[in-house]
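Number of protein chains: 2
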Amino acid sequence: MFFARILTLILTVSVFQTAFSENAKAQTASAPMTMPELLAATKPTDWRAIDPDHTLYMELSTGRVVIELSPLFAPRHVANIEKLVRAHWYDGLAVTRVQDNFVAQWGDPLNSHPEVGEKRLPAEFSRPAANSSFVRLKDVDTYASEVGFVNGLPAARNSSDGEEWLIHCYAMVGVGRDTDPSTAIGTELYTVIGHAPRQLDRNIAVVGRVIAGIELLSALPRGTGESGFYEQPEQRMPIQSVRLASELPASERVPLEVLRTDTPVFQKLIELRRNRRDTWYKKPAGHIDVCSVPLPVRERPDHKR
Amino acid sequence: MFFARILTLILTVSVFQTAFSENAKAQTASAPMTMPELLAATKPTDWRAIDPDHTLYMELSTGRVVIELSPLFAPRHVANIEKLVRAHWYDGLAVTRVQDNFVAQWGDPLNSHPEVGEKRLPAEFSRPAANSSFVRLKDVDTYASEVGFVNGLPAARNSSDGEEWLIHCYAMVGVGRDTDPSTAIGTELYTVIGHAPRQLDRNIAVVGRVIAGIELLSALPRGTGESGFYEQPEQRMPIQSVRLASELPASERVPLEVLRTDTPVFQKLIELRRNRRDTWYKKPAGHIDVCSVPLPVRERPDHKR
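Those protein sequence lines, which keep their order, are chains A and B.
Just so we're aligned, residue 9 is where the first sequence starts under our numbering, counting upward by one.
Just so we're aligned, residue 9 is where the second sequence starts under our numbering, counting upward by one.
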């Protein structure tokens with residue numbers, strides 16, 4: 009069941025660029041014209057393995073959601089989330105909120121406070137841009153003077169203040185908080201399930217990305233309470249467990265890889281998507297939004313099931 | 009059931025701007041600080057009634073999806089869709105495709121051709137910008153030299169070629185087609201359920217917007233076939249009927265209004281959302297993406313149920 013879902017995700021990623029109608033077929037040509045052709049031509053070194061010490065498996069009755077945590081931007085928040093995971097604190101909690109075109113959020117419906125970990129944390133909404141391996145996207149952006157990618161995640165920076173931050177694109181994961189930023193310790197997490205809510209950027213700690221199983225969250229019924237909270241406890245989707253991949257025996261892990269964003273092949277991918285040349289498209293856009301750049305995920309090709 | 013859903017939608021719109029955490033409360037001040045405060049202070053003339061001759065009610069077993077058609081940009085496509093509706097051609101068809109972070113699409117799974125209406129239609133992907141009532145958004149856009157709103161819908165134009173077109177924001181409705189643009193006659197329709205797929209702009213006829221019940225489409229299970237098509241017929245969500253609002257007796261209609269986009273109050277709304285001043289936000293964005301500007305919908309206030 010789970011493997012089927014992972015495969016589905018990977019398939020979805022790989023066909024995402026196929027023509028909008030099922031009847032349209034890509035042109036055949038020597039140079040890659042489509043994302044699957046380009047990905048098929050990648051080298052093993054174009055991909056980066058996901059670190060099992062920073063990978064969460066959130067088990068729902070419907071399957072597994074895989075989240076890659078990135079300690080680069082919010083290291084203390086990520087460390088505390090991993091501490092809560094190791095203590096099995098999330099087990100038995102639930103998805104409590106699904107607001108259409110916004111977020112799915114999970115945590116403790118009773119708002120209890122964990123015995124382990126931090127009680128408060130300083131805000132980690134951005135970091136100094138200096139010396140980061142920021143790969144810039146040439147396209148202009150509404151919100152920031154520069155957008156691009158840092159180690160596989162969408163990021164932005166402002167030349168004026170030297171700040172750099174992760175962007176709330178679809179499937180990005182952040183740390184819910186109350187009005188006081190220090191209340192964000194990881195007891196409430198959310199992922200984006202709609203148009204990128206960029207107004208949240210630099211207002212919240214962004215800690216990673218859902219790299220498999222996002223549809224297990226994005227297709228949940230929307231909550232009918234304020235801000236999409238479920239009004240009845242039985243409407244919530246229970247969380248069976250959350251584990252670090254490294255906590256599980258190898259046989260229960262799926263070795264996922266993400267396409268590296270600091271490579272020539274990633275630049276080719278961006279250009280393929282900026283100007284779609286498959287026959288369905290009559291007017292290539294000529295531009296691409298940072299949140300429309302695909303971040304491909306695959307199972308390691310030599311993995312035996 | 010249906011009225012409850014409509015109310016839910018309106019409630020969702022009105023609370024959309026509330027702080028991200030349920031614990032945060034908006035400040036009280038004399039000038040409106042939040043969208044609900046602003047909307048509460050509107051005059052009746054700030055709203056525009058939806059034309060029942062251009063409003064579709066798509067009935068699913070889970071409720072009603074309401075679509076406002078706009079003949080401004082794709083008049084022949086809209087006219088043909090309305091012809092198909094009057095012939096009850098959509099009754100008994102189904103939602104055939106739901107692709108995560110992209111579109112939900114409906115039509116005839118058997119790909120039959122209607123007896124009524126057009127067999128082919130010329131492309132209506134854009135129109136000349138001259139003399140339109142385009143209300144410009146001052147923020148820069150990745151894809152177009154100008155973005156803004158035309159009669160309540162997000163639109164873009166390029167100063168270089170004088171073209172104007174509707175934007176694929178969340179909940180916008182377009183006409184599916186094969187590689188040949190003339191195959192788009194309205195037998196396949198879709199709505200956006202993810203981050204705005206702007207690469208579709210100017211490649212397809214955009215005909216309107218889902219103004220109520222989008223969650224009945226966006227929360228459907230994702231299809232596991234290529235491009236999100238359902239692999240098994242029983243996975244499809246059947247369409248019970250599609251009617252023009254004007255075909256129904258008044259008692260079965262819901263008189264919806266949309267906030268006009270050519271008014272000072274709409275400009276105030278944009279500014280409220282560009283720089284959020286409720287206490288939850290620590291760093292107002294200072295900018296807003298055209299697809300992040302809310303397009304509020306309400307039931308006519310004097311409507312008796």
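Beta carbons: idealized from backbone N, C-alpha and C, even for Gly.
Exercise for review: Determine the extent of the beta strand (DSSP E) in which F157 (chain A) is found, giving its start and end residues.
Suggested key: Taking the first sequence and counting its residues from 1, one reaches residue 157 (chain A) at position 149. First-last of the beta strand (DSSP E) with F157 (chain A): E154 to V158.
Exercise for review: Kindly say whether A227 (chain A), judged by its beta-carbon, lies nearer than 8 Å to any beta-carbon of chain B.
Suggested key: Reading the first sequence from its first residue, position 219 is the one you call residue 227 (chain A). Yes, A227 (chain A) lies at the interface with chain B (some Cβ there is under 8 Å from its Cβ).
Check your understanding: In angstroms, rounded to a whole number, what distance separates the CA positions of A163 (chain B) and T199 (chain B)?
Key -> Looking up residue 163 (chain B) in the second sequence gives position 155. Looking up residue 199 (chain B) in the second sequence gives position 191. Computed Cα separation, rounded: 16 Å.
Check your understanding: Mind checking if E223 (chain B) is an interface residue toward chain A, Cβ cutoff 8 Å exclusive?
Key -> By 1-based counting over the second sequence, the position of residue 223 (chain B) is 215. Output row for E223 (chain B): interface = yes.
Point to revise | Closer than 8 Å to chain B by CB, V305 (chain A) | key: Translated into positions along the first sequence, residue 305 (chain A) becomes position 297. Cβ-Cβ to chain B under 8 Å: no for V305 (chain A).
Review point. Beta-carbon separation of L303 (chain B) and V266 (chain B) under 8 Å?
Key: The residue given as residue 303 (chain B) occupies position 295 in the second sequence. The residue given as residue 266 (chain B) occupies position 258 in the second sequence. Result yes, Cβ atoms of L303 (chain B) and V266 (chain B) sit closer than 8 Å.
Check your understanding: Quick one: any contact between the region 283-296 of chain B and the region 83-101 of chain B, if contact means 3 or more CB pairs under 8 Å?
Key -> no
Practice item. Alpha carbon to alpha carbon, how far is V103 (chain A) from A253 (chain A)? Give it in angstroms, no decimals. Key: One-based indexing of the first sequence puts residue 253 (chain A) at position 245. One-based indexing of the first sequence puts residue 103 (chain A) at position 95. Taking the straight line from one Cα to the other gives about 21 Å.
Check your understanding: Taking buried to mean at least 16 other C-beta atoms within 10 Å of its own C-beta, is S259 (chain A) buried or exposed?
Key -> Within the first sequence, the letter at position 251 stands for residue 259 (chain A). When all chains shown are included, S259 (chain A) counts as exposed.
Review point. Beta strand (DSSP E) containing F142 (chain B): first to last residue?
Key: Here residue 142 (chain B) refers to the residue found at position 134 when the second sequence is read from its first residue. That run of the beta strand (DSSP E) goes F142 to L145.
Practice item. Find the nearest neighbour of I193 (chain A) within the set A:I175, A:Q207 and A:D116, judged by alpha-carbon distance. Key: Against the first sequence, residue 193 (chain A) aligns to sequence position 185. Of A:I175, A:Q207 and A:D116, the residue nearest in Cα terms is A:D116.
Check your understanding: Enumerated in chain order, which unbroken segments of the beta strand (DSSP E) with a length of 3 residues or greater are wholly contained in the region 182-263 of chain A?
Key -> 196-200, 214-220 and 249-252
Practice item. Starting from W114 (chain B), find everything on chain A with Cβ-Cβ shorter than 7 Å and list it in chain order. Key: Position 106 of the second sequence, counted from the start, is the residue given in the question as residue 114 (chain B). Simply none; closest approach about 14 Å.
Point to revise | Nearest residue (CA-CA) to G233 (chain B), options B:V86, B:P79, B:R105 and B:S78 | key: By one-based count along the second sequence, residue 233 (chain B) stands at place 225. Minimum Cα distance to G233 (chain B) is reached at B:R105.
Point to revise | Three-state secondary structure assigned by DSSP to L46 (chain B) | key: Taking the second sequence and counting its residues from 1, the one referred to as residue 46 (chain B) is at position 38. Residue state, collapsed to three classes: helix.
Exercise for review: Count the CB pairs spanning the region 228-242 of chain A and the region 204-213 of chain A that are closer than 8 Å, and state whether there are at least three.
Suggested key: no
Point to revise | Interface residues of the region 140-159 of chain B facing chain A [CB-CB below 8 Å] | key: D147, V148, D149, T150 and Y151
Exercise for review: With DSSP as the reference, please indicate the residues paired to M180 (chain A) in a beta bridge.
Suggested key: Numbered from 1 along the first sequence, position 172 holds the residue referred to as residue 180 (chain A). Partner(s): A:R217.
Practice item. Just tell me which of B:Y178, B:L145, B:G236 and B:P309 has its CA closest to the CA of Q8 (chain B). Key: This structure cannot settle anything about residue 8 (chain B), because the visible part of chain B is limited to 9 through 313.
Check your understanding: Which residues in chain A sit within 9 Å of P189 (chain B), going by Cβ to Cβ distance?
Key -> Counting from 1 along the second sequence, the entry for residue 189 (chain B) is found at position 181. K290, listed in chain order.
Point to revise | Classification of V124 (chain B) by the beta-carbon crowding that lies within 10 angstroms, buried from 16 upward | key: Here residue 124 (chain B) is taken as the residue at index 116 of the second sequence, counted from 1. The residue in question, V124 (chain B), is exposed, as its Cβ has fewer than 16 Cβ neighbours within 10 Å.
Practice item. Under 7 Å Cβ to Cβ from F237 (chain A), same chain only, skipping five residues before and after it: list those, please. Key: Taking the first residue of the first sequence as 1, we reach residue 237 (chain A) at position 229. Within the same chain, F237 (chain A) has close Cβ partners T104, R105 and G231.
Practice item. With DSSP as the reference, label L101 (chain A) as helix, strand or coil. Key: Mapped onto the first sequence, residue 101 (chain A) falls at position 93. Here L101 (chain A) sits in coil by DSSP.
**Study point:** Three-state secondary structure assigned by DSSP to E126 (chain A)
**Key:** Translated into positions along the first sequence, residue 126 (chain A) becomes position 118. E126 (chain A): coil per DSSP, three-state reduction.
**Study point:** Three-state secondary structure assigned by DSSP to R308 (chain B)
**Key:** Within the second sequence, residue 308 (chain B) is the residue found at index 300, counting from 1. Coil.
Check your understanding: What is the C-beta distance between A204 (chain B) and H203 (chain A), in whole angstroms, given that I count them as a contact (C-beta under 8 Å)?
Key -> Taking the first residue of the second sequence as position 1, residue 204 (chain B) is located at position 196. Taking the first residue of the first sequence as position 1, residue 203 (chain A) is located at position 195. Yes, A204 (chain B) and H203 (chain A) are in contact; Cβ-Cβ is about 6 Å, under 8 Å.
Check your understanding: Distance, Cα to Cα, I75 (chain A) vs K51 (chain B)?
Key -> In the first sequence, the residue the question calls residue 75 (chain A) occupies position 67. In the second sequence, the residue the question calls residue 51 (chain B) occupies position 43. I75 (chain A) and K51 (chain B): Cα-Cα distance of roughly 47 Å.
Check your understanding: Excluding the five sequence neighbours on either side, which residues of its own chain have a C-beta within less than 6 Å of the C-beta of R261 (chain B), listed in chain order?
Key -> Sequence index remark: in the second sequence, residue 261 (chain B) carries index 253 (1-based). The residues are A253.
Review point. Helix, strand or coil: which one does DSSP assign to V86 (chain A)?
Key: The residue given as residue 86 (chain A) occupies position 78 in the first sequence. Residue state, collapsed to three classes: helix.
Check your understanding: When DSSP labels each residue in this structure, what does L92 (chain A) get in the three-state scheme?
Key -> The sequence position of residue 92 (chain A) within the first sequence is 84, counting from 1. It is helical.
Practice item. Please work out which residues of its chain come closer than 7 Å, Cβ to Cβ, to D315 (chain B), disregarding the five sequence neighbours upstream and downstream, and give them in chain order. Key: Residue 315 (chain B) is absent from the structure shown; chain B starts at 9 and stops at 313.
Point to revise | Alpha-carbon to alpha-carbon, I201 (chain B) and P83 (chain A) | key: Working through the first sequence from its first residue, we reach residue 83 (chain A) at position 75. Working through the second sequence from its first residue, we reach residue 201 (chain B) at position 193. P83 (chain A) and I201 (chain B): Cα-Cα distance of roughly 32 Å.
Exercise for review: Classify T53 (chain B) as helix, strand or coil using the three-state DSSP reduction.
Suggested key: The residue given as residue 53 (chain B) occupies position 45 in the second sequence. It is helical.
Practice item. Consider the Cβ of F10 (chain B): report whether some Cβ of chain A lies at a distance smaller than 8 Å. Key: If you number the second sequence from 1, residue 10 (chain B) lands on position 2. Here the model assigns F10 (chain B) a pLDDT of 36, short of 50, so the residue's position is not dependable and the matter cannot be decided.
Practice item. Enumerate in chain order the residues of its own chain whose CB-to-CB distance from T36 (chain A) is below 8 Å, with the five nearest sequence positions on each side excluded. Key: Counting from one through the first sequence, the residue named residue 36 (chain A) turns up at place 28. Confidence at T36 (chain A) is low in this model, with a pLDDT of 45, below 50, so its placement is unreliable and the value that follows should be read with caution. Counting only Cβ-Cβ distances below 8 Å, and skipping sequence neighbours, we find nothing.
Point to revise | Straight-line Cα distance separating F133 (chain A) from N139 (chain A) | key: Position 131 of the first sequence, counted from the first residue, corresponds to residue 139 (chain A). Position 125 of the first sequence, counted from the first residue, corresponds to residue 133 (chain A). Looking at the two C-alpha atoms, the distance is approximately 18 Å.
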